[in-house]
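Everything on this sheet refers to the single structure shown next.
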Amino acid sequence: MPARPELIRPDDAATAAAMGRAMNALTALLVALGEGRHQFSIVAERTNDTIATADLTLSVGASPLRVKHTEEGYLRFFALLTFALEYSTIRRAVLVATTADEPFPRACGWTVRDRWLHPMDRRELQEAAIPCLNVAAPLRLVHNAPTLPQIPDTDEESPRG
Numbered sequence: 000m001p002a003r004p005e006l007i008r009p010d011d012a013a014t015a016a017a018m019g020r021a022m023n024a025l026t027a028l029l030v031a032l033g034e035g036r037h038q039f040s041i042v043a044e045r046t047n048d049t050i051a052t053a054d055l056t057l058s059v060g061a062s063p064l065r066v067k068h069t070e071e072g073y074l075r076f077f078a079l080l081t082f083a084l085e086y087s088t089i090r091r092a093v094l095v096a097t098t099a100d101e102p103f104p105r106a107c108g109w110t111v112r113d114r115w116l117h118p119m120d121r122r123e124l125q126e127a128a129i130p131c132l133n134v135a136a137p138l139r140l141v142h143n144a145p146t147l148p149q150i151p152d153t154d155e156e157s158p159r160g
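Residue numbering for the sequence shown is 0 to 160, as defined by numbering that gives the first Met the number 0.
Here it is, written out as structure tokens:
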């Protein structure tokens, strides 16, 4: 008997719908957070008892959008966000955004529920963001995350269809 359960691959339609939601979520995150350099970190507990993580840094401003990662880094982040929003292979997922502001960066976070990102309150995120003793970490101002507007799935992709 294997030590960990196997992941069951979701069907193509569910994956395609989740990819659309991931693109909408990333767009909504950038609009909600506004200008600045944003570090996104996602942590997901998979159904086979493993943890997957990915990070992405994006700069938004008057100049064109800049990505501070390789194509592979972006694809890893986008794939993990997609499968977190698809949710058949993920038990829990949290996305934290840290915006580089002076003198202290500010952070907010979302949990994945019902195939979308739902805001975490300050207290919930503060508990997750407090660094462990003897670990050097930058001081971050933690605040409530904004609610992200969700574009409904099309009838073909929706379980209601």
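Ideal Cβ positions, reconstructed from N, Cα and C, are used throughout, including at glycine.
Item to complete: Give, in chain order, every unbroken run of the beta strand (DSSP E) that is at least 3 residues long and sits entirely within the region 26-99.
Response: Those beta strand (DSSP E) runs which fall completely within the region 26-99 and span 3+ residues are 35-45, 50-59, 89-98.
Fill in: Same chain only: Cβ atoms within 7 angstroms of residue 77, ignoring 5 sequence neighbours per side
Hits under 7 angstroms: 21.
Practice prompt. Let me know the secondary structure DSSP gives residue 20 once reduced to three states.
Written response: The answer is helix: DSSP assigns residue 20 an H, G or I state.
Item to complete: May I ask which residues mark the beginning and end of the beta strand (DSSP E) holding residue 144?
Response: Where residue 144 is concerned, there is no enclosing beta strand (DSSP E), because DSSP gives it neither an H nor an E.
Worksheet item: Taking the DSSP output, what are the residues bridged to residue 110?
Response: Residue 110 pairs with 93, 117.
Item to complete: Between the Cα of residue 97 and those of 56, 90, 115, spot the shortest distance and give me the residue it belongs to.
Response: Nearest C-alpha to residue 97: 56.
Worksheet entry | Given residue 53 as reference, the closest of 116, 33, 83, 61 once Cα atoms are compared | Relative to the Cα of residue 53, the nearest Cα in the group 116, 33, 83, 61 belongs to 83.
Worksheet item: Between the Cα of residue 13 and the Cα atoms of 47, 36, 81, 48, which residue gives the shortest distance?
Response: Taking only the C-alpha atoms, the option nearest residue 13 is 81.
Worksheet entry | Buried/exposed call for residue 71, threshold 16 Cβ in 10 Å | Residue 71 sits exposed, since fewer than 16 C-beta atoms from the chains shown fall within 10 Å of its C-beta.
Worksheet item: To which residues of the same chain is residue 150 closer than 6 angstroms at the C-beta, ignoring the five residues directly before and after it?
Response: Excluding its 5 nearest sequence neighbours in each direction, residue 150 has C-beta neighbours in its own chain below 6 angstroms: 23, listed in chain order.
Worksheet item: Candidates 145, 110, 106: which alpha carbon is nearest residue 37's?
Response: With distances taken between Cα atoms, residue 37 lies closest to 106.
Worksheet item: From residue 7 to residue 101, what distance separates their C-alpha atoms?
Response: Cα atoms of residue 7 and residue 101: separation of roughly 44 angstroms, rounded to the nearest angstrom.
Discussion item. Taking only three categories from DSSP, how would you classify residue 105?
Written reply: DSSP, read as helix, strand or coil, puts residue 105 in strand.
Item to complete: Tell me whether residue 16 is buried or exposed, calling it buried when 16 or more other Cβ atoms sit within 10 Å of its Cβ.
Response: It is buried - the Cβ of residue 16 has at least 16 other Cβ atoms within 10 Å.
Worksheet entry | Reference residue 10; option with closest CA among 43, 40, 33, 88 | Closest by alpha carbon: 88.
Discussion item. Rounded to whole angstroms, what is the Cα-Cα separation between residue 163 and residue 141?
Written reply: A question about residue 163 goes unanswered here, because the residues of the chain that appear run from 0 up to 160.
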